[in-house]
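Everything below concerns the one structure shown next.
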């Protein structure tokens with residue numbers, strides 16, 4: 001007597017599928033909370049164009065290959081321009097040094113100041129800005145190892161009224177919140193700064 005094998009196919013019910021997706025959603029939520037709690041998502045990202053010139057940068061413009069070679073030390077103004085002999089204002093902000101050099105060369109030739117001129121541009125000083133509740137608000141010279149806390153220290157440290165747990169760091173038209181207390185205890189939360197960054201320390205409501 002042949003007995004046909006019985007194969008049972010398990011099909012999840014609608015209720016089981018719902019519970020399954022609920023569990024998956026809960027796990028994803030937990031992972032998301034952990035990422036937010038450890039602050040990794042709160043740290044500002046490096047600017048997209050860290051190498052471009054910005055308002056406040058100090059630069060050196062060298063003119064060579066002409067009868068009267070010269071070195072011009074200038075600073076990019078708040079409108080993003082520099083001023084040079086014979087050609088006046090030249091747009092500098094938002095350009096790489098090599099792009100600015102090309103524009104300066106073109107201006108001297110187009111205005112028939114020189115038939116040919118060699119231009120080189122070198123950045124001498126770059127800055128970040130620290131304002132609000134610090135002892136000495138203003139510009140801080142940028143160095144490659146400058147961090148959030150070092151900039152605060154260079155500005156004389158926090159005032160007595162500083163809200164240290166909610167300091168604002170602005171970069172590329174975005175503002176991030178930095179907890180200075182956490183940064184002091186955990187160096188991984190002390191973000192590296194880039195030229196043009198702006199720090200504002202708010203006043204504590206208490």
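Numbering (full-length UniProt numbering), first residue to last: 1 to 206. Ideal Cβ placement from N, Cα and C applies to all residues, glycine included.
In the three-state DSSP reduction, residue 162 falls in the strand class (E or B). Judged by DSSP secondary structure, residue 127 falls within the beta strand (DSSP E) whose first and last residues are 127 to 132.
Per the coordinates, the alpha-carbon of residue 183 lies some 8 Å from the alpha-carbon of residue 149. Residues 125 and 127 of the same chain have their beta carbon placed closer than 7 Å to that of residue 141, with the five preceding and five following residues left out of the count. Ranking 153, 178 and 96 by CA distance to the CA of residue 165 puts 178 first. Separation of the CB atoms of residue 171 and residue 204 is rounded to 24 Å, and the pair is thereby denied contact status at 8 Å. Following the DSSP letters along the chain, one finds residue 169 inside the beta strand (DSSP E) bounded by residues 167 to 171. The Cβ-Cβ distance between residue 90 and residue 103 falls below 8 Å.
Annotated three-state conformation of residue 153 is helix, per DSSP. In the structure shown, residue 105 adopts helical secondary structure according to DSSP, grouped into three states.
Here residue 105 has 117, 118 and 119 as same chain residues with Cβ atoms under 8 Å from its own Cβ, once five neighbours each way along the sequence are excluded.
A distance below 8 Å between beta-carbons, with the five flanking residues on each side excluded, links residue 115 to the following residues of its chain, in chain order: 109. Every unbroken stretch of the beta strand (DSSP E) spanning 3 or more residues and falling wholly within the stretch 41 to 99 is given here in chain order: 58 to 64, 70 to 75, 81 to 84 and 88 to 91.
With respect to residue 92, residue 53 sits close: the two C-beta atoms are nearer than 8 Å.
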